[in-house]
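Participant: To get the working numbering, take the position in the sequence shown, counting from 1, and add 9.
Heads up, the beta-carbon is just placed ideally off N, CA and C, and yes, glycines get one too.
Note that the coordinates shown come from a computational prediction; the quantities given were computed from them, not determined experimentally.
Once you've had a glance at the structure underneath, I'll fire off some questions.
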Amino acid sequence: MSLLRPGPPPDAELLIEAGAHYLRPPIMSDFKVWCLLRSDSRAFLTPWEPLWPSDDLSKSGFRRRLRRYARDRKEGRSLTFLLFNARNDDLLGGLTLSNIRRGVSQSATLGYWMGERHACKGHMSAAVAMILPFCFDVLNLHRIEAACIPTNTPSIRLLEKAGFNREGYARNYLLINGTWQDHLLLSCLAEDYAARPDAVSPLVEGILKDFL
C-alpha cells in the first residue's frame, strides 16, 4: 500500500490506492485519454455493454456523463471510478458501484470495464480487490452484487477469484448491445470477504459525506 501519492484532484475528491493501482472519480481533464481508450476498445467492449449513444465519445457526451455521475453521487445512489496504473498514471479502465441501497439492504451492484490493450493482465482483479474493502469497511455495506453474461468466462472467473459466489440465473436480465441477455448472478458478503486471508487494505482519501 502506497502512502506517497498526493491526494486526488479537487474536483475528484476521492482516491483509493493499493499496490500498483489507484481508483478515483473521472474529471473533465480525463476526456482525451478516456475517449481514446474507449474508442480503441469499442469492438472489445460492445458485446458486454448497453448500446453506446451516438455522441458517447464526444466532449459534450462526456460532460453530460460527469453531470450524471455527480448527481448520482450527491443522491447517494452510485459511485463511478476510473482505474489507473500508479506507476505511470495510464488509464486502464473503469469501475462503478451502482444501485446503492441502504436500510435493511445495505448493498450495491458492481460493474466494470477494461481497455482492450490492458485486459487479462490482472488490473481489474486488483481493482476489485481494492473496492471490496472500501465497500465493506468505508461504506459499511453488507452485500455486493454482480451480474455476468454466461459466456463471459473471464469476468466470471475474476469475480469468483475475488470471493463472489454464484447465486442464480436471471433470464433476459439486462439490455446489452441492443438485446435482452440472460445473466449469471453472483454476490460477495462482508463476512465472505472478512474470511479471506488475502484481503487488501487500500489507502482511502477524500470526502464521502453523501454515503456515510
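Using three-state DSSP, classify valine 209 as helix, strand or coil.
Facilitator: Stepping through the sequence shown from its first residue, residue 209 is reached at position 200. Three-state DSSP puts valine 209 in coil, outside helix and strand.
Participant: Taking just the CA atoms, how far does serine 63 sit from arginine 51?
Facilitator: Taking the sequence shown and counting its residues from 1, one reaches residue 51 at position 42. Taking the sequence shown and counting its residues from 1, one reaches residue 63 at position 54. In a straight line, the C-alpha of arginine 51 is about 13 Å away from that of serine 63.
Participant: Using 10 angstroms around the beta-carbon of methionine 133, count the other beta-carbons present and answer buried if the total reaches 16, otherwise exposed.
Facilitator: The residue labelled residue 133 in the question sits at position 124 within the sequence shown. Methionine 133 should be labelled buried.
Participant: Could you work out which residue in Thr188, Ala138 and Asn186 is closest to alanine 199 when comparing CA atoms only?
Facilitator: As a working mapping, residue 199 is identified with position 190 in the sequence shown. Considering only alpha carbons, the answer is Ala138.
Participant: Taking a contact to mean a Cβ-Cβ separation below 7 Å, would you say isoleucine 222 touches alanine 95 in this structure?
Facilitator: Any question about residue 222 goes unanswered here, given that the chain covers just 10 to 221.
Participant: Below 8 Å CB to CB, which residues in the same chain sit around glutamate 307 once its five sequence neighbours on both sides are set aside?
Facilitator: The structure shown does not extend to residue 307, since the chain is modelled only from 10 through 221, so no value can be given for it.
Participant: Would you give the residue range spanned by the alpha helix (DSSP H) that serine 164 belongs to?
Facilitator: Within the sequence shown, numbered from 1, the residue matching residue 164 stands at position 155. Element bounds for serine 164: 162-171.
Participant: Quick one: residues in its chain with C-beta nearer than 6 Å to the C-beta of glycine 125, no 5 flanking neighbours on either side, listed in chain order?
Facilitator: Against the sequence shown, residue 125 aligns to sequence position 116. According to the sequence shown, residue 125 is glutamate rather than glycine. Closer than 6 Å at the Cβ level, and outside the excluded window around glutamate 125, lie Ser50 and Phe53.
Participant: My output table needs one value for glycine 102: the three-state DSSP class, helix, strand or coil.
Facilitator: Here residue 102 refers to the residue found at position 93 when the sequence shown is read from its first residue. In this structure, glycine 102 counts as strand in the three-state DSSP scheme.
Participant: For isoleucine 25, which three-state DSSP category applies?
Facilitator: One-based indexing of the sequence shown puts residue 25 at position 16. Note: isoleucine 25 maps to strand in three-state DSSP.
Participant: Please state whether the Cβ-Cβ distance between leucine 212 and glutamate 26 is less than 7 Å.
Facilitator: For the purposes of this step, residue 212 is taken as residue 203 along the sequence shown, with counting starting at 1. For the purposes of this step, residue 26 is taken as residue 17 along the sequence shown, with counting starting at 1. It is a contact, given that the beta carbons lie within the stated cut-off.
Participant: I'd like to check one pair, leucine 168 with leucine 195: are the Cβ atoms closer than 7 Å?
Facilitator: Start at 1 with the first residue of the sequence shown, and residue 195 comes out as number 186. Start at 1 with the first residue of the sequence shown, and residue 168 comes out as number 159. Their beta carbons are under 7 Å apart, which means leucine 195 touches leucine 168 by this criterion.
Participant: Less than 8 Å between C-beta atoms, sequence neighbours within five positions excluded: which residues of the same chain meet that for arginine 205?
Facilitator: Within the sequence shown, the letter at position 196 stands for residue 205. Hits under 8 Å: Gly172.
Participant: Below 6 Å CB to CB, which residues in the same chain sit around alanine 135 once its five sequence neighbours on both sides are set aside?
Facilitator: Taking the sequence shown and counting its residues from 1, the one referred to as residue 135 is at position 126. Cβ neighbours of alanine 135 beyond the five flanking positions: His30.
Participant: My understanding is that leucine 100 touches leucine 46, with C-beta atoms under 8 Å, so please give their C-beta distance in whole angstroms.
Facilitator: As a working mapping, residue 100 is identified with position 91 in the sequence shown. As a working mapping, residue 46 is identified with position 37 in the sequence shown. So it is a contact: roughly 6 Å between Cβ atoms.
Participant: Which whole-angstrom value is the C-beta distance of glycine 103 and leucine 91, which I expect to be below 8 Å?
Facilitator: Working through the sequence shown from its first residue, we reach residue 103 at position 94. Working through the sequence shown from its first residue, we reach residue 91 at position 82. So it is a contact: roughly 5 Å between Cβ atoms.
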